[in-house]
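*Asks:*
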């Protein structure tokens, strides 16, 4: 058989054919993997990072293919493997965190819990995502501080993405005096919400008496707003409600205590201004 | 009010004043609508200023491409077609024209804005919301404030359908106008008990109207919701019921 023809040492023509087939299959595998990676990641990571990833994949597969065909070419890898194994051990220990960050970065790209521009909290760090790289994620905190987070830390931390959903709910507790009309107060609050474009029509706002506190009737106001407008709306509308309630002379009571003494004369002189009913009662006594 | 203008320009209609005049070698654009003022300097040579009605999605901020019109529920019979007229808020766009280039300079509206959530916070969209009456014929309108939307509702299903709102994608919305009315011609095709598709006609439902400048080019159709009769008590169709529990 012509395939059994020895080329040199123990290498036959058949061995060369197998080598060519393995390298050819590797080339096809590289093409398929790269094509799929391009499709999957082209809109998720930056172009130059994608190119680096494709190169890493290409050379890894070529390296594995070459290693696998060398025995067929009667090249002894024992010494090489020994040296390579030792070097691999050293490099492995040295690059443990790098690899860990790289793998975490790849999973962040695949899972996409955050995107560039998102308002997020990672652990105790809050701000806007400026960049997501292979090894690290850059966050710009609210005070403008540049924060570089290793991807491993990002991936293993609790991530809160404030703008992942299109809408968020805002909750205000508002305490009004027992003397004021709750129905009127809720009507005024409804009016403030209705006049603001960002207080969403649906889901409808929810305003109700939550509890009867020691000093006030506690009203809870819940409404939804577009996530992109959350901070501005939250900061503005509570003040607008306060202004509207002030205008309607609805009172936000301070904490107060009514103290009664055994001595009737003392009662008359110490009765608090903010409890006129008690004062009147004590006078009538 | 809508049309092309040369300089100097001065328009006063109700609470609106709009002026373009020469100042220090530049053109100064000034607009005041109920205390909401805007001034812009125009440095380059421009041919004309164009004032057209535009898709109502830019005020107070362009955070949504969708317009949601809510109206009293209407029942559409099996395999039938209904023509209804709705009103919708319009925004007014002031454009600069230089050669063949048109640039948006300013937008304003006589109608206050309100946003809403269509669907769930997770999968839904923010919409510009408007409540309209439903008419069987073209209603009289103040053309500076609201337009008329002719909606052909097509129900090919074998059941009645109850329609109470329609969501339109601003992309593809084509406005027409004359000196009496702003108009949109659209259709809603009910595809199932939960889904309907809306799209726009490239022509107005009345002849002699001018096509307005398109802010956004047509790209895709969008879904609108329909409610089906004979559903569980309190359920208005799963598509809308998704909102429940988020209040």
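Protein chains in written order, with the numbering used here: chain A, 1 to 285; chain B, 1001 to 1247. Note that the Cβ used here is the ideal one computed from N, Cα and C, for glycine as well.
1. Taking 6 Å as the limit between beta carbons, can you name the residues of its chain near residue 205(A), skipping five residues before and five after?
2. Have a look at the DSSP bridge pairing and note the partners of residue 1030(B).
3. For residue 66(A), which residues in the same chain have their Cβ closer than 7 Å to its Cβ, ignoring the five residues on either side in sequence?
4. Answer yes or no: does any C-beta atom of chain D fall closer than 8 Å to that of residue 228(A)?
5. In angstroms, rounded to a whole number, what distance separates the CA positions of residue 1114(B) and residue 209(A)?
6. Is it the case that the segment 33 to 43 of chain A contacts the segment 75 to 89 of chain A, given that we only count it when at least three CB pairs across the two stretches are under 8 Å?
7. Compare the C-beta of residue 283(A) against all C-beta atoms of chain B and say whether one is closer than 8 Å.
8. Count Cβ pairs between the segment 1074 to 1090 of chain B and the segment 1049 to 1058 of chain B that sit closer than 8 Å; are there 3 or more?
9. Is the Cβ of residue 1225(B) closer than 8 Å to any Cβ of chain A?
10. Give me the residue from 1192(B), 1110(B), 1077(B), 1097(B) with the minimum Cα distance to residue 1060(B).
11. Taking the C-alpha atoms as reference points, what is the distance between residue 1069(B) and residue 1140(B)?
12. Beta strand (DSSP E) containing residue 125(A): first to last residue?
13. Using only the alpha-carbon positions, how far apart do residue 1178(B) and residue 1008(B) sit?
14. Could you check whether the Cβ of residue 208(A) sits closer than 7 Å to any heavy atom belonging to the ligand COA?
15. So what does DSSP say about residue 1158(B), is it helix, strand or coil?
16. Based on Cα-Cα distance, which residue from 157(A), 167(A), 151(A), 136(A) lies nearest to residue 124(A)?
17. If you drop the 5 nearest sequence neighbours on each side, which residues of the same chain put their C-beta closer than 7 Å to that of residue 1042(B)?
18. Determine the DSSP secondary structure at residue 152(A), reduced to helix, strand or coil.
19. Where are the beta strand (DSSP E) runs, 3 residues long or more, that stay fully inside the segment 1122 to 1182 of chain B, in chain order?
20. With respect to the beta strand (DSSP E) encompassing residue 184(A), which residues constitute its N-terminal and C-terminal limits?
21. For a quick check, are the C-beta atoms of residue 207(A) and residue 186(A) less than 8 Å apart?
22. Would you list, in chain order, the members of the segment 191 to 224 of chain A that have their beta-carbon closer than 9 Å to a beta-carbon of chain B?
*Replies:* According to the structure data:
1. 193, 223
2. 1019(B), 1039(B)
3. Nothing listed; no residue qualifies.
4. Within the model displayed, chain D is absent; protein chains A and B are what it includes.
5. Inter-residue distance for residue 1114(B) and residue 209(A) is about 26 Å (C-alpha atoms, whole angstroms).
6. no
7. Any answer about residue 283(A) is weak, because its pLDDT of 42 lies below 50 and its placement is not dependable; what the coordinates show is given next. It does not; no Cβ of chain B falls within 8 Å.
8. yes
9. Residue placement at residue 1225(B) is poorly supported in this model, since its pLDDT is 35, which falls under 50; the coordinates are not used for a value here.
10. Of the listed residues, the one whose Cα sits closest to residue 1060(B) is 1110(B).
11. The alpha-carbon separation between residue 1069(B) and residue 1140(B) amounts to approximately 18 Å.
12. 125 to 132
13. 23 Å
14. The ligand COA is not among the ligands present in this structure, which contains no ligands whatsoever.
15. In this structure, DSSP gives residue 1158(B) a state outside helix and strand, which the three-state scheme calls coil.
16. 157(A)
17. Contacts found: 1026, 1027, 1029, 1096.
18. helix
19. Segments of the beta strand (DSSP E) lying fully in the segment 1122 to 1182 of chain B: 1125 to 1131, 1146 to 1155, 1161 to 1169.
20. Taken as a continuous stretch (DSSP letters only), residue 184(A) belongs to no beta strand (DSSP E), being part of the alpha helix (DSSP H) at 182 to 195.
21. yes
22. 194, 195, 196, 197, 198, 199, 200, 201, 202, 203, 204, 205, 206, 222, 223, 224
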